[in-house]
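Structure first, then comments.
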Amino acid sequence: MAAVRVEAVLAAAEEQEAEKRRSITVEKELELEYDLGNLLAVDRNPPPAAALRGAGPRREALLQALARDNTQLLVSRLWELPAERAGGAGGPLVAQLPEPTFRLPREKPPPKPRPPTRWEQFARLKGIRRKKKTSLVWDEQAKEWRRRWGYRRAGGDPSRAWLAEVPAGADPEEDQFARLRREKRERVARNELNRLRNLARAHRAGSAVPAAPLHPTGHQDRDELRRVARVARVSTASLGRFQPRLPKESAEPPSRNSGKKRRFEPLLGNLAAERSRQLELLRDMGSKKPVLDITRAVNKQLRQEEAEAAAANKGKKQSKRGKRGRRQQRPGRSGKKSGARRQPQQKKAAGGGTGAGRRKKA
Amino acid sequence: MDALDRVVKPKTKRAKRFLEKREPKLNENTKNAMLIKGGNANLTVTEVLKDIYAVKKPFAVLYKRKNITRPFEDQTTLEFFSKKSDCSLFLFGSHNKKRPNNLIIGRMFDYHVLDMIELGVEKFVSLKDIKNSKCPEGTKPMLIFAGDVFDVNEEYRRLKSLLIDFFRGPTVPSIRLAGLEYVLHFTAVDGKIYMRSYKVLLKKSGCKIPRIELEEMGPSLDLVMRRTHLASDDLYKLSLKQPKGLKPKMFFNISHDVLGGS
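Order-wise, the sequence lines are chains A and B. If you count by full-length UniProt numbering, then the first sequence holds residues 1 to 362, one letter each, in order. If you count by full-length UniProt numbering, then the second sequence holds residues 1 to 262, one letter each, in order.
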């Protein structure tokens, strides 16, 4: 008797649970695909075409029922996300949405990193890193910590300097205060000009300006004008071979491969050069001394790494390795280029055309 | 346009911020939509544009004047508008005998037209025709696409992508569960696309997950696909490219509230 009653109770409880769940379960042939980051659900089941053909309220009711089912499924999924109460116990229930998975095209192309300025290029080459400067400097005269520049700077207000020494080789009649003011103005103007030039270079590199207009606009710089002049010269019937040159223009004809990255020597060309190249190759293969200079290669690698690290960690402290690497480099610096150049020659299997090409450039 | 291509050097901080908002970024802004009337837009099409504007506020601009242009022939006007208002989605409405109640929905990539699909409105029920309470402006809608043709047919697939792009709204990291009030349901059947908008009512069910009841709200459109101008595959792939340095979003304690605020 007791067993039957327990079973009946359990069955009743299960009935109740199923009853509750029935209101939120939806039967579908194919599962929907969800993208919760976009609050998106895609139902692949073919909708009942025949039923939806007839116009009128029946169609609306059918569409609404379909929408209700799909929305129920989507909301169930959303409610299953990890949720918490925002703003304390009484706040609204907030769910953390995952990242959207549906791939949508971007609005604009991804930004290109701006090209380094002239100083940045130089600093990377030399391995110069930025020194972190303190914001306050000790002023000996005022006996307190003052700003490095700006209002009440250390070293006093430069506009109130009442003494300007005449430097050794200067004209005694010259007004020193005027000279200092003029030089400051010139420095500021030069700084501004360089900043604008860097900006223009970055902007041009970023937008990849197509072919420059062939007529002079007054806003072009040296490289652009040179390029345009070359294009204009080559656009003649004889490809610029018989064009008169300006007095200071270089007199060499443009090489056949000026636009290409790889050069291929003509097959039957300079026999003497070819012979010497092959003999040189045989000599290098036959010699006991290794062509690759390990010390120089290592130094080059260190310097490269250090320059990269300098570019990457702009404000960080100088590492010990940088100093050591730089100290090692100095004796081997002059010969580094030849040592490094020998490496690719060894690697190339043919060692023919490209080797000669490289050496010509040296 | 030469005036728009020239580099503008900002003279004030406000101008600088304005320009920075428009330049390409790693994490992009929410796409804005521009709703334009053609030279011969009729009442239906104007109503459609107004309703879509109401749904997409504040990420839409509705142009009041008529613009005599044909997007399928000449895209320069659209590109000019897109550059001027920094909108990458557009909806152009027009009407003529051959193509009555015409809507051209499209998107831009780098201020050039990427995809354009022409849809004809066969039946339209406006927001004000359905007399019940509406959900607040700026609510992020739930999007549901029903019909296998959205995956089978290439044009329908692009249309689905366009519609998601159009109606998606801002991407948020978290959402208030009680604020899920608006759902847009697209059914593709028999060569027609039925777009319906419903207000979601969460009813008590026995367990934690509420039972959904829907109430018809908002604009409902019966659309039929006409011409398309889809981007070539490689341009589309280029536009999908995401930069590698996409950082995770930095805001963790902003929830998407009903009013669209944080």
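All C-beta atoms, glycine included, are put in the ideal place defined by N, C-alpha and C.
Give me the Cα-Cα distance between residue i and residue j, rounded to the nearest whole angstrom.
i: A:F122; j: A:K289; result: 36 Å
i: B:L238; j: A:P110; result: 10 Å
i: B:S88; j: A:Q301; result: 47 Å
i: B:P136; j: B:R168; result: 16 Å
i: B:G93; j: B:M34; result: 11 Å
i: residue 405 of chain A; j: A:S135; result: In the structure displayed, chain A extends from 1 to 362; residue 405 of chain A sits before or after that span and is not available.
i: A:A164; j: B:K11; result: 36 Å
i: B:L103; j: B:L62; result: 14 Å
i: B:K128; j: B:K56; result: 16 Å
i: A:A272; j: A:S235; result: 35 Å
i: A:A237; j: A:P244; result: 14 Å
i: A:N270; j: A:R262; result: 19 Å
i: A:P98; j: A:Q16; result: 34 Å
i: A:L196; j: A:E274; result: 50 Å
i: A:A8; j: B:K208; result: 26 Å
So residue i contacts chain E; which residues on that side make the cut at Cβ distance below 7 Å?
i: B:M217; result: Absent from the structure is chain E; the protein chains it does hold are A and B.
Within 10 angstroms of the Cβ of residue i, are there 16 or more other Cβ atoms? Answer buried if so, exposed if not.
i: A:V26; result: exposed
i: A:K248; result: exposed
i: B:K244; result: exposed
i: A:A312; result: exposed
i: B:N96; result: exposed
i: A:R226; result: exposed
i: A:F242; result: exposed
i: B:K160; result: buried
i: A:A41; result: buried
i: B:M108; result: buried
i: A:D221; result: exposed
i: A:A49; result: exposed
i: A:S338; result: With a pLDDT of only 45 at A:S338, under the threshold of 50, the placement of this residue in the model should not be trusted; the figure read from the coordinates follows. Classification for A:S338: exposed.
i: B:D51; result: buried
i: A:F264; result: exposed
i: B:A178; result: exposed
i: A:L267; result: exposed
i: B:A60; result: buried
i: B:K199; result: buried
i: B:G106; result: buried
i: A:N194; result: exposed
i: A:F177; result: exposed
Report yes if the C-beta distance between residue i and residue j is below 8 Å; otherwise report no.
i: A:Q72; j: B:S174; result: no
i: B:I117; j: A:F102; result: no
i: B:L143; j: B:L184; result: yes
i: B:T187; j: A:L63; result: yes
i: A:L52; j: A:R59; result: yes
i: B:T228; j: B:E181; result: no
i: A:K133; j: A:R146; result: no
i: B:P219; j: B:V113; result: no
i: A:P105; j: B:L240; result: yes
i: A:E107; j: B:E28; result: yes
i: A:P47; j: B:G147; result: yes
i: B:K192; j: B:V224; result: yes
i: B:I130; j: B:M195; result: no
i: A:D139; j: A:G127; result: no
Using DSSP with H/G/I as helix, E/B as strand and the rest coil, what is residue i?
i: A:D223; result: helix
i: B:I105; result: strand
i: A:D139; result: strand
i: A:S235; result: coil
i: B:S174; result: strand
i: B:D115; result: strand
i: B:T12; result: coil
i: B:H95; result: coil
i: B:G38; result: strand
i: B:Q75; result: coil
i: A:T134; result: coil
i: B:V189; result: strand
i: A:M285; result: helix
i: B:G120; result: strand
i: A:T71; result: helix
Might you give, ordered along the chain, the residues of its own chain that have their beta carbon closer than 7 Å to the beta carbon of residue i, omitting 5 neighbours on each side?
i: B:K66; result: K37, G38, G39, A41
i: A:K323; result: Below a pLDDT of 50, predicted positions are generally treated as unreliable, and A:K323, at 49, falls in that range; no measurement from the model is reported.
i: B:S205; result: R211
i: A:G37; result: L97, P98, E99, P100, T101
Spatial neighbours of residue i within its chain, please: C-beta separation below 8 Å, excluding the five flanking residues on both sides.
i: residue 370 of chain A; result: With chain A covering 1 to 362 only, the question about residue 370 of chain A has no answer from this structure.
i: A:K28; result: D43, N45, D69, L73
i: B:E47; result: F124, S126
i: A:I24; result: Q72, S76
Could you name the residues of the same chain whose beta carbon sits closer than 6 Å to that of residue i, not counting the 5 residues immediately before and after it, in chain order?
i: B:Y53; result: L35, A60, L62
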